[in-house]
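Some notes on the structure that comes next.
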Amino acid sequence: MATAAQVAANFFSFLSSSTHHPAPSTSVSVGTNPVLPVSLRAAVTGGPRLASRLRGRRVGAAVAQLPTTHPEVASGEKKIRWSSRAVRSFAMAELEARKMRYPTTGTEGLLMGILVEGTSGAAKLLRANGITLLKVREEAANVLGKSEMFYFSPMHPPLTEAAQRALDWAVNEKLKSVSPPDYTI
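Okay, so the sequence shown: first residue is 21 according to this note's numbering, each after it adds one.
Given below as structure tokens:
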């Protein structure tokens with residue numbers, strides 16, 4: 021059985037592969053205002069002409085920078101870009117840590133983030149094997165204990181050492197597998 025750190029690292033590595041599908045970039049109209057995915061809002065501000073060129077196409081958004089201690093990435097030698105799925109999973113991991121009132125985001129948080137994001141192959145594999153968000157929450161509460169009722173965790177709980185290693189492992193795997201200067205995980 022794989023540990024939570026290995027599953028989380030495999031998920032972030034999976035996001036970089038060409039087998040996962042990026043979020044669709046088509047717009048949806050509500051009244052007269054189009055509602056666009058966050059990844060395209062900045063692009064559409066260039067005018068309606070740019071929006072019409074993007075309509076009907078699938079655009080994979082690589083956004084944000086997640087924390088890593090990898091020396092090549094930290095020094096700026098290589099630029100690592102994280103896919104929108106990885107960023108959503110990481111944001112959901114932080115949110116789950118806050119919901120459970122934990123002071124840090126651990127590998128259990130990364131695993132819960134993967135399950136909450138839910139559209140990846142890793143999340144589908146976990147659910148197919150009977151690992152659900154409720155079961156992971158329950159097990160995390162059993163292993164780590166429940167937090168005090170009036171404890172408020174920080175807005176962005178820092179990563180534990182194991183969670184940081186999982187993200188660094190994903191970066192290492194991506195750096196090994198791809199040769200272009202821009203790496204998307």
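From the three backbone atoms N, C-alpha and C, an ideal C-beta is built for every residue, glycine too.
Cβ-based neighbour list, residue i, same chain, cut-off 7 Å, excluding 5 preceding and 5 following
i, result
"R118", "S173, P177"
"L153", "M132, L135, V136"
"V58", "Reliability fails at V58, whose pLDDT of 46 lies under 50, so the model's placement of it is uncertain and no value is given."
"L167", "Before going on, a small fix: residue 167 reads as Ser here, not Leu. Cβ within range, chain order: M120, R121, Y122."
"A143", "I134, L135, E137"
Sub-8 Å separation of residue i and residue j beta-carbons
i, j, result
"V191", "I134", "no"
"M120", "A182", "no"
"V156", "E114", "no"
Cβ-based burial, residue i [other Cβ within 10 Å; buried from 16]
i, result
"L164", "exposed"
"Y122", "buried"
"A106", "buried"
"K194", "buried"
"A148", "exposed"
"M112", "buried"
"S197", "exposed"
Close Cβ partners of residue i (< 8 Å) along its chain, the five nearest in sequence each way excluded
i, result
"A62", "Residue confidence for A62 is low, a pLDDT of 44 falling below 50, so the modelled location carries little weight; the figure read from the coordinates is stated next. Counting only Cβ-Cβ distances below 8 Å, and skipping sequence neighbours, we find nothing."
Nearest-angstrom beta carbon gap, residue j and residue i [assumed within contact, 8 Å]
i, j, result
"L179", "T139", "With 8 Å as the limit, L179 and T139 do not qualify as a contact, their Cβ atoms being about 23 Å apart."
"A186", "L130", "6 Å"
Nearest residue (CA-CA) to residue i, options the options
i, options, result
"E116", "E158, E193, F170, S103", "E158"
"Q184", "W102, G126, M112, S104", "G126"
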